[in-house]
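S.K.: Dropping the structure in here first, questions after.
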Ligand SMILES: [Zn+2]
Ligand SMILES: [Zn+2]
Ligand SMILES: [Zn+2]
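Residue numbers (this note's numbering): -7 to 121.
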């Protein structure tokens, strides 16, 4: 019964979970990070690759982490479980506040637009933003 289970256009999608990914391009050794990494829910199986902006190689992140709730600092799943202050719209968009202090590990340029041209998810027609 597994025949014909291909995705038909914009039919069904698996449930995805947004994660934070660290990418390394094996070709140019480039490095980037993205808060728009989508994994199959409950797993770290990356569903959409992103392309290296220098050589256009589609890459999987070498590491993915849970997105943390910017309000309470818990992983989003935990925050939601605990009744959650987490709100999708909070993360990495329109973060005008200056809280650079403890954020020296992750460097997503919240101010820069998402590189949809390098994101295979966006390019499949399913926009991240
Ligand atoms: Zn590259
Ligand atoms: Zn929270
Ligand atoms: Zn995207």
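The C-beta atom is built at its ideal place from N, Cα and C for all residues, glycine as well.
May I have all residues whose beta carbon comes closer than 7 angstroms to any heavy atom of ligand 1, sorted in chain order?
M.R.: After applying the 7 angstroms Cβ criterion, the set is 17, 19, 20, 22, 44, 46, 47 and 49.
S.K.: Does DSSP put residue 115 in a helix, a strand or coil?
M.R.: Under the three-state reduction of DSSP output, residue 115 falls in the helix class.
S.K.: By the 10 Å Cβ neighbour count, where 16 or more other Cβ atoms means buried, how is residue 53 classified, buried or exposed?
M.R.: buried
S.K.: In its own chain, which residues sit with a C-beta less than 7 angstroms from the C-beta of residue 106, not counting the 5 before and 5 after it?
M.R.: The residues are 28, 120 and 121.
S.K.: Below 9 angstroms between beta carbons: does that hold for residue 49 and residue 71?
M.R.: No, Cβ-Cβ distance for residue 49 and residue 71 is not below 9 angstroms.
S.K.: Could you give the distance in angstroms between the alpha-carbon of residue 115 and the alpha-carbon of residue 40?
M.R.: If I take the Cα positions, the gap works out to 10 angstroms.
S.K.: Based on DSSP bridge pairs, tell me the residues matched to residue 10.
M.R.: 30
S.K.: With residue 68 as the anchor, note down where its alpha helix (DSSP H) starts and where it stops.
M.R.: 68 to 73
S.K.: With a cut-off of 7 angstroms, give the chain-ordered residues whose Cβ is closer than this to any heavy atom of ligand 2.
M.R.: 61, 63, 64, 66, 71, 76, 77 and 78
S.K.: Tell me whether residue 113 counts as near ligand 5, meaning its Cβ is closer than 8 angstroms to at least one heavy atom of that ligand.
M.R.: As far as ligands go, the structure on display features ligand 1, ligand 2 and ligand 3 and does not contain ligand 5.
S.K.: When you measure from the CB of residue 51 to every non-hydrogen atom of ligand 3, does any distance come out below 8 angstroms?
M.R.: Residue 51: no, Cβ never under 8 angstroms from ligand 3.
S.K.: Please report how far the alpha carbon of residue 95 lies from the alpha carbon of residue 12, in whole angstroms.
M.R.: A caution first: residue 95 carries a pLDDT of 44, below 50, which makes its placement in the model too unreliable to give a value.
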